[in-house]
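Right, one structure below, let's go through it.
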Amino acid sequence: MAKVYNVSYDIETYQKLYNKREESGDYIGALSVLKKMSLINGNDIDNYQKFADLYYYLEQYDLSVEYRYKYLGELDRLTLKYNDGDNTITKPNEDDYYNAYAALGCAYYKAENKRVASYYFNKAVKSTTA
Numbered sequence: 028m029a030k031v032y033n034v035s036y037d038i039e040t041y042q043k044l045y046n047k048r049e050e051s052g053d054y055i056g057a058l059s060v061l062k063k064m065s066l067i068n069g070n071d072i073d074n075y076q077k078f079a080d081l082y083y084y085l086e087q088y089d090l091s092v093e094y095r096y097k098y099l100g101e102l103d104r105l106t107l108k109y110n111d112g113d114n115t116i117t118k119p120n121e122d123d124y125y126n127a128y129a130a131l132g133c134a135y136y137k138a139e140n141k142r143v144a145s146y147y148f149n150k151a152v153k154s155t156t157a
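To convert, note that position 69 of the sequence shown is 96 in our numbering; the numbers rise steadily by one, no gaps.
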């Protein structure tokens, strides 16, 4: 009978594997690793951004938009926590919002929803001038 080995990696090992696959253009492989990472450290803000990016690269624009909204929700939550005096976190900056809104605009544009894309492109610009 064949032996089955259960290999368990820590989050740093998964992060290296994710980076290697993502950089080489193996987005399906990177997505698989990211899903395993999410089981370990939950769906934190960085994972939401990575999911959104991977789904965009895979031309799954609806899923990219879904995860980008989750990312924005976490940005808002962190901003509120910071403003309420929680000094254990770093306050999100305007670049975080700009990049998220611009990425939403790109995803909606690729999905051929030009009206919503325009809204988010404008929101991105306004986020840097507010």
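Where is the CB? At the ideal position from N, CA and C, for every residue including glycine.
A quick note: this is a predicted structure, and the numbers were derived from the prediction, not measured.
Beta-carbon spacing of residue i, residue j below 7 Å
i: residue 84; j: residue 54; result: yes
i: residue 88; j: residue 134; result: yes
i: residue 98; j: residue 127; result: yes
i: residue 91; j: residue 79; result: yes
i: residue 67; j: residue 101; result: no
i: residue 77; j: residue 61; result: yes
CB contact below 7 Å: residue i versus chain B
i: residue 141; result: Although the question refers to chain B, the structure presented lacks it and comprises just one protein chain.
Pairwise C-alpha distance: residue j and residue i
i: residue 110; j: residue 29; result: 57 Å
i: residue 148; j: residue 93; result: 17 Å
i: residue 152; j: residue 141; result: 16 Å
i: residue 106; j: residue 70; result: 18 Å
i: residue 125; j: residue 136; result: 16 Å
i: residue 156; j: residue 145; result: 17 Å
i: residue 63; j: residue 41; result: 8 Å
i: residue 143; j: residue 74; result: 24 Å
i: residue 59; j: residue 82; result: 12 Å
DSSP three-state assignment for residue i, whether helix, strand or coil
i: residue 112; result: coil
i: residue 87; result: coil
i: residue 118; result: coil
i: residue 70; result: coil
i: residue 153; result: helix
i: residue 100; result: helix
i: residue 144; result: helix
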